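Residue numbers (my numbering), protein chains in the order written: chain A, 639 to 906; chain B, 26 to 337.
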């Protein structure tokens with residue numbers, strides 16, 4: 639049977655043959671980054687609700703079409719402590735607000751504070767969702783391969799890759815360490831003081847592991863000719879279609895237009 | 026698949042070089058169909074998986090209806106290719122993972138609502154990578170961590186530490202910083218840190234990885250001493266020689282299911298090589314040599330030599 643692009647091939651890593659499919663996921667990583675950059679700028683530069691409102695609609699449509707709604711909701715939930723603190727601070731502490739909703743002793747939440755808190759929270763959530771959407775629809779190796787193709791030096795690619803992968807790798811390591819210590823009876827479900835004591839058995843292997851990993855990774859990179867002169871051969875190049883180029887140009891033009899309108903005072 | 030206790034298991038261990046007489050009568054069970062035991066066990070099994078399935082949050086089905094009984098005092102090795110569900114299975118025993126379907130019983134008791142910290146008193150699990158576990162500034166402090174969590178104090182704690190260090194040959198290293206030790210000794214230290222907890226069930230995940238012959242001998246000694254003390258020893262391993270020489274029962278997993286279960290003599294017999302190959306496993310060298318010479322199943326050096334002598 640003839641193999642088609644994207645089909646697995648025996649002995650060839652999935653990384654080489656895999657093709658992203660589906661709406662948005664199949665776009666070039668640079669295109670998704672350009673769209674995310676436009677969304678982030680729009681959220682913060684366009685005054686009032688139109689900015690986060692428009693970006694929210696665009697994100698919702700994209701998330702539904704790319705089936706990433708659940709991931710974005712989880713990221714939104716993860717940001718909820720920050721949202722709550724923003725709401726509390728703004729409700730009670732916005733300077734100059736003199737329109738209390740009610741008074742309870744010294745506490746007087748204000749209508750102005752409520753509005754500022756909601757808008758700031760919306761901006762935070764939409765901003766984080768825009769970045770998260772690009773992240774969850776783009777395999778890290780696709781991003782790095784595309785950066786290499788565009789001429790970013792291998793050191794630059796390594797730094798970006800290490801930064802992007804640091805959070806999931808750290809979480810994975812922390813999970814394993816936590817499991818190992820819980821298996822030795824460390825109480826992570828009891829009183830807060832007992833749980834606080836658990837930080838020591840967690841921190842030791844985390845720090846030591848990170849240090850040894852850096853050393854091993856450096857040696858492994860050297861052993862694989864990381865510093866060899868010349869251009870790298872890429873095993874796989876993410877597709878970059880005419881639609882990608884069109885979307886990037888449109889995103890760039892829109893971004894420049896929004897900034898220009900804001901600077902000239904046409905909006906805001 | 027062969028049956029333990031129900032016919033094939035205990036009686037067919039001749040020449041295995043492993044002690045097949047330990048433990049009680051274990052009914053043979055596989056991916057869902059239990060075989061009735063020949064003799065009803067007098068005590069509850071140390072460990073029992075009843076139709077246990079588990080899927081990770083990303084949807085990966087790691088266990089698929091596992092039924093398995095392990096009697097008190099048994100020495101059981103769980104083998105299989107990477108991703109076959111071995112480590113996932115043993116992590117159910119101390120509650121680090123909870124089944125998405127089925128039940129896990131320790132000493133006849135369902136552990137679904139028992140906290141990990143409580144289960145640590147029953148099941149000691151030494152992880153594969155010691156660097157994900159060790160944090161103490163001294164070897165002795167590292168060994169005290171587990172027993173202390175279980176409430177052991179004073180002279181009893183000192184005795185736990187001393188005996189665990191002696192078991193892995195690190196008795197002169199009590200004041201050494203673990204990070205000044207080489208990988209193989211750190212691995213032995215990680216095993217000792219679990220031994221010090223004196224749990225009725227000891228689980229070792231890939232205990233011989235990174236060990237030289239001396240280290241492997243230490244691990245063998247740990248397993249034998251554990252069982253001699255009446256405790257149950259379970260190991261997850263890719264080291265078939267270690268498995269054949271050290272364990273009375275071998276459980277082969279593939280695709281989240283138990284596909285073979287018996288003594289080393291049975292599991293590594295030539296008639297099961299195709300199943301072993303399907304699980305990406307190779308029988309130990311003495312088993313291959315014995316089969317090529319027509320000597321029957323000889324999974325260990327000792328069994329092969331004995332068979333050669335008797336045929337001479």
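Note that the Cβ used here is the ideal one computed from N, Cα and C, for glycine as well.
None of these values were measured; they are calculated from a predicted model.
I want to verify the contact list: residues of chain A whose CB lies under 9 Å from the CB of residue 170 of chain B, in sequence order. What you label residue 170 of chain B is simply residue 145 of the second chain in a count that begins at 1. Under the 9 Å cutoff, chain A gives 819, 822, 823, 824 and 839.
Does residue 806 of chain A have its Cβ less than 8 Å from a Cβ in chain B? Translated into the one-based positions of the first chain, residue 806 of chain A becomes position 168. False, the Cβ-Cβ gap to chain B never drops below 8 Å.
Just to make sure I have the definition right: I need the residues of chain A whose C-beta is within less than 8 Å of the C-beta of residue 156 of chain B. Which are they? Start at 1 with the first residue of the second chain, and residue 156 of chain B comes out as number 131. The answer, in chain order, is 843, 846, 847 and 850.
When the cut-off is 8 Å and only beta carbons count, does residue 146 of chain B lie next to chain A? Translated into the one-based positions of the second chain, residue 146 of chain B becomes position 121. So, interface residue.
Does any C-beta atom of chain A lie closer than 8 Å to the C-beta of residue 114 of chain B? As a working note, residue 114 of chain B is residue 89 in the second chain. With 8 Å as the cut-off, residue 114 of chain B does not count as an interface residue toward chain A.
According to DSSP, simplified to helix, strand and coil, what is residue 667 of chain A? Position 29 of the first chain, counted from the start, is the residue given in the question as residue 667 of chain A. Helix.
Give the list of continuous alpha helix (DSSP H) stretches no shorter than 4 residues that lie fully inside the stretch 149-193 of chain B. 164-174 and 179-192
Is residue 176 of chain B buried or exposed, if buried means 16 or more other CB atoms sit within 10 Å of its CB? Translated into positions along the second chain, residue 176 of chain B becomes position 151. Its Cβ having fewer than 16 others within 10 Å, residue 176 of chain B is exposed.
Could you tell me the boundaries of the alpha helix (DSSP H) in which residue 844 of chain A lies? The residue you call residue 844 of chain A lines up with position 206 of the first chain. Residue 844 of chain A -> alpha helix (DSSP H) spans 837-861.
What would DSSP say about residue 125 of chain B, mapped onto helix, strand or coil? Here residue 125 of chain B corresponds to residue number 100 of the second chain, with the count starting at 1. It is coil, neither helix nor strand.
Could you run through the stretch 123-148 of chain B and flag, in chain order, every residue whose CB is less than 9 Å away from some CB of chain A? 140, 141, 142, 143, 144, 145, 146 and 148
Alpha carbon to alpha carbon, how far is residue 321 of chain B from residue 843 of chain A? Give it in angstroms, no decimals. Stepping through the first chain from its first residue, residue 843 of chain A is reached at position 205. Stepping through the second chain from its first residue, residue 321 of chain B is reached at position 296. Straight-line Cα distance between these residues: approximately 48 Å.
Any chain A beta carbon closer than 8 Å to residue 81 of chain B: The residue given as residue 81 of chain B occupies position 56 in the second chain. Chain A contact via Cβ: absent.
is_contact[residue 119 of chain B, chain A] using C-beta, thresh 8 Å: Residue mapping note: residue 119 of chain B aligns to position 94 of the second chain, counting from 1. Judged by the 8 Å Cβ criterion, residue 119 of chain B is in contact with chain A.
Please classify residue 58 of chain B as buried or exposed, where buried requires at least 16 other C-beta atoms within 10 Å of its C-beta. The sequence position of residue 58 of chain B within the second chain is 33, counting from 1. The pLDDT assigned to residue 58 of chain B is 34, lower than 50, so where the model puts this residue is not dependable; a value taken from the coordinates is nonetheless given after this. Exposed, since its Cβ has fewer than 16 Cβ neighbours within 10 Å.
Just checking my contact of residue 217 of chain B with residue 155 of chain B at CB under 8 Å: how many whole Å lie between their CB atoms? Within the second chain, residue 217 of chain B is the residue found at index 192, counting from 1. Within the second chain, residue 155 of chain B is the residue found at index 130, counting from 1. Incorrect: roughly 10 Å between the Cβ atoms, too far for contact.
Determine, using beta carbons only, whether residue 854 of chain A comes closer than 8 Å to chain B. The count along the first chain starts at 1 and reaches residue 854 of chain A at position 216. Taking Cβ atoms only, chain B never reaches closer than 8 Å to residue 854 of chain A, which makes this a no.
Can the beta-carbon of residue 332 of chain B be found closer than 8 Å to that of residue 315 of chain B? Indexing the second chain from 1 puts residue 332 of chain B at position 307. Indexing the second chain from 1 puts residue 315 of chain B at position 290. A contact, by the Cβ cut-off of 8 Å.
Who pairs with residue 86 of chain B in a beta bridge, going by DSSP? Here residue 86 of chain B is taken as the residue at index 61 of the second chain, counted from 1. Per DSSP, B:80.
I want to know whether the stretch 871-883 of chain A touches the stretch 651-664 of chain A - three or more CB-CB distances under 8 Å. yes
Along chain B, in chain order, which residues have C-beta atoms closer than 7 Å to that of residue 860 of chain A? Locating residue 860 of chain A in the first chain gives position 222, where the first residue counts as 1. Going along chain B, no residue has its Cβ under 7 Å from residue 860 of chain A, so there is no contact; the nearest lies around 21 Å.
From what residue to what residue does the alpha helix (DSSP H) around residue 804 of chain A run? Position 166 of the first chain, counted from the start, is the residue given in the question as residue 804 of chain A. 792-820 is the extent of the alpha helix (DSSP H) around residue 804 of chain A.
Per-residue burial, residue 895 of chain A [other beta carbons within 10 Å of its own, 16 or more giving buried]: Numbered from 1 along the first chain, position 257 holds the residue referred to as residue 895 of chain A. Residue 895 of chain A should be labelled exposed.
May I ask you to report which of helix, strand or coil DSSP gives residue 206 of chain B? By 1-based counting over the second chain, the position of residue 206 of chain B is 181. It is coil, neither helix nor strand.
Cβ-based neighbour list, residue 303 of chain B, same chain, cut-off 7 Å, excluding 5 preceding and 5 following: Counted from its first residue, the second chain places residue 303 of chain B at position 278. Excluding sequence neighbours, residue 303 of chain B sits near 279.
By Cβ distance, which residues of its chain are closer than 8 Å to residue 135 of chain B, with the 5 residues on each side in sequence left out? Stepping through the second chain from its first residue, residue 135 of chain B is reached at position 110. For residue 135 of chain B, where only same-chain residues beyond five positions count, the Cβ hits under 8 Å are 128 and 129.
Beta-carbon gap between residue 287 of chain B and residue 274 of chain B smaller than 8 Å: One-based indexing of the second chain puts residue 287 of chain B at position 262. One-based indexing of the second chain puts residue 274 of chain B at position 249. Yes, the pair counts as a contact, with Cβ atoms nearer than the cut-off.
If we count the other Cβ atoms within 10 Å of its Cβ and call it buried at 16 or more, is residue 336 of chain B buried or exposed? In the second chain, counting from the first residue as 1, residue 336 of chain B sits at position 311. When all chains shown are included, residue 336 of chain B counts as exposed.
Name the chain B residues that come within less than 8 Å of residue 815 of chain A, Cβ to Cβ? As a first step, residue 815 of chain A must be located in the first chain, where it is residue number 177. Within chain B, the residues near residue 815 of chain A are 157 and 158.
Residue 201 of chain B and residue 99 of chain B closer than 8 Å at C-beta: Taking the first residue of the second chain as 1, we reach residue 201 of chain B at position 176. Taking the first residue of the second chain as 1, we reach residue 99 of chain B at position 74. No, Cβ-Cβ distance for residue 201 of chain B and residue 99 of chain B is not below 8 Å.
In terms of residues, what are the limits of the beta strand (DSSP E) holding residue 278 of chain B? Within the second chain, the letter at position 253 stands for residue 278 of chain B. That run of the beta strand (DSSP E) goes 274-279.
Sub-8 Å separation of residue 153 of chain B and residue 281 of chain B beta-carbons: Within the second chain, numbered from 1, the residue matching residue 153 of chain B stands at position 128. Within the second chain, numbered from 1, the residue matching residue 281 of chain B stands at position 256. Against a cut-off of 8 Å, the Cβ pair of residue 281 of chain B and residue 153 of chain B comes out as no contact.
Quick one: is residue 117 of chain B buried, meaning 16 or more other Cβ sit within 10 Å of its Cβ, or exposed? Numbered from its first residue, the second chain carries residue 117 of chain B at position 92. It is buried - the Cβ of residue 117 of chain B has at least 16 other Cβ atoms within 10 Å.
State buried or exposed for residue 811 of chain A, treating a residue as buried only when at least 16 other CB atoms are found within 10 Å of its CB. As a working note, residue 811 of chain A is residue 173 in the first chain. Looking at its Cβ environment, which holds 16 or more other Cβ atoms inside 10 Å, residue 811 of chain A is buried.
Cutoff 6 Å; reference residue 780 of chain A; Cβ partners in own chain excluding five residues on either side: By one-based count along the first chain, residue 780 of chain A stands at place 142. Result list for residue 780 of chain A: 667 and 876, in chain order.
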